[in-house]
Amino acid sequence: MYKKITMHNAKGEEIEVEFLANAATPLRYKAIFRKDLLTQFANAKSEDNDKIKLDIDFLPELAFLMSMQAEAFSNPEVKLDKLTPGNLVDWLEKFDSFEIESHAEEILNVYYGNTDTTSTSKKNTDEQTES
Numbered sequence: 053m054y055k056k057i058t059m060h061n062a063k064g065e066e067i068e069v070e071f072l073a074n075a076a077t078p079l080r081y082k083a084i085f086r087k088d089l090l091t092q093f094a095n096a097k098s099e100d101n102d103k104i105k106l107d108i109d110f111l112p113e114l115a116f117l118m119s120m121q122a123e124a125f126s127n128p129e130v131k132l133d134k135l136t137p138g139n140l141v142d143w144l145e146k147f148d149s150f151e152i153e154s155h156a157e158e159i160l161n162v163y164y165g166n167t168d169t170t171s172t173s174k175k176n177t178d179e180q181t182e183s
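Just add 52 to wherever you are in the sequence shown, counting from 1, and you've got the working numbering.
So this is what it looks like as structure tokens:
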């Protein structure tokens, strides 16, 4: 899923940040950070096991990776296989304090994809008859 999120840079100015999540995201996450993304999500489940805790410590890593994936999609010069954990710090320095955390829900929704649907059923259930 792709989404632009309006955030604030270190100077407090609004900027549009692009995020892209795809099937390769968990594999790239493991290659860069040496941690399993799905395990990270499993460990971040809240006590009611219904929602992800928004104070998760891997959120900046995930946001960084999805931002780099979006950048690489539009700029072939960005080489995702050259990313390191050190690049994360450089990327975070662009943002205001706690900016990533304040957009946690939006960022996680990019990874999970849009769960809302705008499609409607093609079948009219009122017209169905029993056989």
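All C-beta atoms in this analysis are idealised placements derived from N, C-alpha and C, irrespective of residue type, glycine included. Keep in mind that this is a model prediction, so the values were computed, not measured.
_Residues near LEU140 by beta carbon distance below 7 Å, same chain, minus five either side_ = Cβ-Cβ distances below 7 Å link LEU140 to PRO112, GLU113, PHE116 in the same chain, with the five nearest sequence neighbours on each side left out; the list follows chain order.
*Looking at the structure shown, is GLU158 part of a helix, part of a strand, or coil, going by DSSP?*
Helix.
*asked:* Three Cβ pairs or more, each shorter than 8 Å: is that satisfied between the stretch 144 to 159 and the stretch 55 to 70?
replied: Below 8 Å, enough C-beta pairs join the stretch 144 to 159 and the stretch 55 to 70 to call them touching: three or more.
*Any idea if MET118 is buried or exposed, counting beta-carbon neighbours within 10 angstroms, 16 or more meaning buried?*
MET118 sits buried, since 16 or more C-beta atoms from the chains shown fall within 10 Å of its C-beta.
*ALA73: buried (16+ other C-beta within 10 angstroms of its C-beta) or exposed?*
Buried is the call here.
*Best match in VAL69, GLU65, GLY64 for proximity to GLN121 [C-alpha to C-alpha]*: When only C-alpha atoms are compared, the closest one is VAL69.
_Cβ-based burial, SER183 [other Cβ within 10 Å; buried from 16]_ = The pLDDT assigned to SER183 is 48, lower than 50, so where the model puts this residue is not dependable; a value taken from the coordinates is nonetheless given after this. A residue is called buried once 16 or more other Cβ atoms fall within 10 Å of its Cβ, and SER183, having fewer, is exposed.
*Counterpart residues of VAL130 in DSSP-defined beta bridges*: Note: VAL130 sits in no beta bridge, so no partner.
*Assign TYR164 to buried or exposed, taking buried as 16 or more other Cβ atoms, counted over all protein chains shown, within 10 Å of its Cβ.*
By the beta-carbon neighbour count (other beta carbons within 10 angstroms, threshold 16), TYR164 is exposed.
*Excluding sequence positions up to five away, which residues of its chain have a Cβ less than 7 Å from the Cβ of PHE85?*
Excluding positions up to five away in sequence, the list reads GLU113, PRO137.
_Applying the 10 Å Cβ sphere with the 16-neighbour rule, what's the burial state of LEU79?_
Counting C-beta atoms within 10 angstroms of its own C-beta, LEU79 has fewer than 16 neighbours from the protein chains shown and is therefore classed as exposed.
*Determine the closest residue to ILE67 out of LYS87, PHE125, THR77, LYS56, with distance taken between C-alpha atoms.*
The shortest C-alpha separation from ILE67 is found at LYS56.
_First and last residue of the uninterrupted beta strand (DSSP E) at LEU72_ = Per DSSP, the unbroken beta strand (DSSP E) holding LEU72 starts and ends at 66 to 72.
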